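Chemist: Protein chains in written order, with my numbering: chain R, 1 to 402; chain S, 403 to 484. By construction, the Cβ of each residue, glycine as well, lies at the ideal position given by its N, Cα and C atoms. Keep in mind that this is a model prediction, so the values were computed, not measured.
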Amino acid sequence: MTHPDFLWRNPDPRPTYDVVIVGGGGHGLATAYYLAKNHGITNVAVLEKGWLAGGNMARNTTIIRSNYLWDESAAIYEHSLKLWEGLGEELDYDLQFSQRGVLNLAHNLGDVREGRRRVNANRLNGVDAEWLDADEVKKFCPVINVSERARYPVMGATLQRRGGIAKHDHVAWALARKADAYGIDLIQGCEVTGFEITGNRAVAVHTSRGRIAAGKIALASAGHTSVLAAEAGIRLPLQSHPLQALVSELLEPVLDCVVMSNAVHVYVSQAHKGELVMGAGIDSYNSYGQRGAFHVIEAQMAAALELFPIFSQVRVLRTWAGIVDVSPDASPIIGRTPVDGLFVNAGWGTGGFKATPGSGWVYAHTIAHGEPHALAEPFALERFTTGALIDEHGAAAVAVAH
Amino acid sequence: MLLIDCPHCGPRDENEFHYGGQAGIAYPETPATATDAEWAEYVFLRDNPKGWFDERWFHVHGCRTWFTLRRHTVTHEFWKAP
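#1: Let's test the definition: count the other Cβ atoms within 10 Å of the Cβ of Lys482 of chain S and tell me whether it reaches 16, buried, or not, exposed.
#2: Any chance you could list the alpha helix (DSSP H) runs of at least 4 consecutive residues sitting entirely within the region 98-165 of chain R, in chain order?
#3: From the DSSP secondary-structure annotation, give me the bridge partner or partners of Arg473 of chain S.
#4: CA-CA distance, His463 of chain S and Glu479 of chain S?
#5: Since Thr385 of chain R meets chain S, which of its residues come closer than 7 Å, beta carbon to beta carbon?
#6: Within its chain, find whatever has a CB closer than 6 Å to the CB of Glu72 of chain R; leave out the 5 residues flanking it on each side and keep chain order.
#7: Relative to the C-alpha of Val19 of chain R, which residue among R:Val339, R:Leu35, R:Ser226 is closest?
#8: Can the beta-carbon of Ala442 of chain S be found less than 8 Å from the beta-carbon of Phe384 of chain R?
#9: Closest to Thr470 of chain S by CA distance: which of S:Thr432, S:Pro409, S:Arg448 is it?
#10: Within a Cβ cutoff of 6 Å, which residues of the same chain sit near Trp320 of chain R, ignoring the five residues on either side of it in sequence?
#11: Tell me whether Leu447 of chain S sits in a helix, a strand or coil according to DSSP, three-state version.
#12: Residues of chain S with a CB under 7 Å from the CB of Arg235 of chain R: which are they?
#13: For a cutoff of 8 Å on Cβ pairs, would you count Gly115 of chain R as touching chain S?
#14: Answer with yes or no whether the minimum CB distance from Glu416 of chain S to chain R is below 8 Å.
#15: So the candidates are R:Leu83, R:Val205, R:Val326, R:Thr61; which of them puts its Cα closest to the Cα of Val102 of chain R?
#16: When the distance is taken between beta carbons, is Ala425 of chain S closer than 8 Å to Asp456 of chain S?
#17: Should the region 72-84 of chain R be called in touch with the region 118-132 of chain R, which here means at least 3 C-beta pairs below 8 Å?
#18: Anything in chain S within Cβ reach of Tyr288 of chain R, meaning under 8 Å, just list it in chain order.
#19: Quick one: which residues of the region 209-232 of chain R get their C-beta closer than 7 Å to a C-beta of chain S? List them in chain order.
#20: When DSSP labels each residue in this structure, what does Met403 of chain S get in the three-state scheme?
#21: Between the beta-carbon of Phe419 of chain S and the beta-carbon of Trp454 of chain S, is there less than 8 Å?
#22: According to DSSP, simplified to helix, strand and coil, what is Phe308 of chain R?
#23: Is Thr198 of chain R buried or exposed, if buried means 16 or more other CB atoms sit within 10 Å of its CB?
#24: List, in chain order, every chain R residue whose beta-carbon is nearer than 8 Å to that of Phe455 of chain S.
#25: So, does the CB of Tyr429 of chain S fall closer than 8 Å to a CB anywhere in chain A?
#26: Using a Cβ-Cβ cut-off of 7 Å (strictly less than) and excluding sequence neighbours within five positions of Leu132 of chain R, which residues of its own chain qualify?
#27: Along the chain, which unbroken stretches of the beta strand (DSSP E) at least 3 residues long are found entirely within the region 220-275 of chain R?
#28: Helix, strand or coil: which one does DSSP assign to Ala321 of chain R?
#29: Is the CB of Ser240 of chain R under 8 Å away from at least one CB in chain S?
#30: Can you grab the Cα-Cα spacing for the pair Ala229 of chain R / Trp173 of chain R, in whole Å?
#31: Where does Ala303 of chain R sit, in a helix, a strand or coil, going by DSSP?
#32: Does the Cβ-Cβ distance between Ile64 of chain R and Leu91 of chain R come in under 8 Å?
#33: Got a sec? Which residues, its chain only, sit under 8 Å from Gly115 of chain R by beta carbon, not counting five neighbours each side?
#34: Quick check on the DSSP output: the beta strand (DSSP E) that includes Phe353 of chain R runs from which residue to which?
#35: Inspect the beta-carbon positions of His168 of chain R and Phe353 of chain R and report whether they are closer than 8 Å.
#36: Quick check: does the Cβ of Ser287 of chain R come within less than 7 Å of any heavy atom belonging to the ligand NAP?
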C-alpha cells in the first residue's frame, strides 16, 4: 500500500468563517469533522499554533474505556466508545483500534469495594463490566504478579472487555483527512493571541497570521485553555499540570491487555509496534513546561515492576510530558461561556483521548445549536456554582490530588 | 526535579515537599452572606498563568513549614530577588 504524500491541504486562513476552532488536536479535529458530518457546517477553520495533533494527541497513552462511575460520565464515555467501534470504517482508515480489555486493579479492601460498586454502576448504565478475583486476573493477564507478598497485592480487578487502545496518530490523520475533504480549513502554525469582543459577543480571533472573523469560536486547547480564556476575560476552574509517560524498547508480544492501577499510579499497554507504553500520575505543580520530574518516572517504574517482574530487564527508550488541564472534579467542562459565541471544551485532564469522538460529537452539537447536547449538559461550567459536581477522581485514574 | 529553597532548611529536593497551589487565597470575609458564586470562586477558581506564579509549598518530609515562592510555570525557575 502506498501512502499519499498529503492527507489534507495546508491552506492560508481566510478572513472569515462560520466557526473557528482553536486547537488542532484530537478534540478539535473531531469537532470539525462532526460539525460537517452531523450539522452540515463546513465553513470552518481549525487553528493550530504548532502542527496538527502535535500536543497531547502526540503524547498520550491511548487508553480507551467507558467504565466511569457516575451516570453522566458513563453516558458520554460510552457514547464515545460506541463511536470508536465504528470510527475506522467510517473514516476509511485503520485506526488500529484494539478492544483487548482494560483491567483496573484493586490493591486493598477499599479498592475492592469501589471496584465492585463501579462494576454494578457500569452495568446499570449499559457499560460492559466484570469483576475478576486475583486468580481470574492471573488467567486474563498471565504476566501480572498476583503474589500476596507484594507491597500492593492484586486483590482483584474490574475488567471492561470492550476497552482497549488505538493508534493516536492514525486517529488524528483520519479525522483531519475527512474534515479537509468536507472543505474545512486546517491551518497550522497559526497561534491565537486574543479575541475581539463586541458588546458581550466574541466576533473574531487575533492570530499570529492576522485577524479572523468568526460567527462562533470554540476552544479545544487542552492544557492552554486557561491562557486563552484569560484573553477573553474568563477565569476557568482549571489547573495545568505535566503528565508524564514513557515507552520501552520494542519487545515481542507479551502483554495483550491494558492494565491500570489507581493505587500505584501506573497504566501499561503494549503498542502494536511492540513498545510498552506506560503513563504516570500528574506532577503536582502547575506547569506549561511539557516536562516533569524524574522521581515521578521512578515511582511509576517501581510500581510497574512490582506488577510485572518480567519487565525488570526492559530498558526505557524515551520519556516525555504533556500539559493536561485538570478540573476540580476530574470531569470535563463543555459548553457555553459567559461570553456569547465563545464555547469551551476543556478539563479532560488525563483522559481526553478516549473521549475524542464523543467529545467532538457533543461539542459540535453544542456549537451548531448554541445549546448544550444532552450528554454535555451536566458538564457545563455552571456546575461549580450550583454544586452539581461529577466527581470522577476514582475513575479518572490519575487526575488525583494528593 | 525542582530544587526548592525552604526558608528553614535551605535547598532540598522536590520530593520532600507537598504542593499547595496558588498563594494568597483568603477565606470569604463574610461567609454567612457569601453568594454561591463567591463560594465557587473561593473553593474552585485558581489562577493558572503561563509565567510567574506565587504558590504555596509544604516541607512535609522536613521542617513542616508552609511557605510561598514565586516560580515560572514554563521554565520552572524560582524568582530570585534582584
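Modeler: According to the structure data:
#1: exposed
#2: 109-124, 134-140
#3: S:Phe455, S:Phe480
#4: 22 Å
#5: Asp438, Ala439, Ala442
#6: Pro378, Ile390
#7: R:Leu35
#8: yes
#9: S:Pro409
#10: Arg59
#11: coil
#12: Leu447
#13: no
#14: yes
#15: R:Thr61
#16: yes
#17: yes
#18: Lys452, Thr475, Val476
#19: Ser226, Val227
#20: coil
#21: no
#22: coil
#23: exposed
#24: Asn286
#25: Although the question refers to chain A, the structure presented lacks it and instead comprises the protein chains R and S.
#26: Phe140, Gly156, Ala157, Leu159
#27: 239-250, 258-261, 266-270
#28: strand
#29: yes
#30: 27 Å
#31: helix
#32: no
#33: Asn104, Ala106, Trp131, Gly156, Ala157, Thr158
#34: Unbroken run through Phe353 of chain R: none, as it is neither H nor E.
#35: yes
#36: This structure simply doesn't include the ligand NAP, nor any ligand for that matter.
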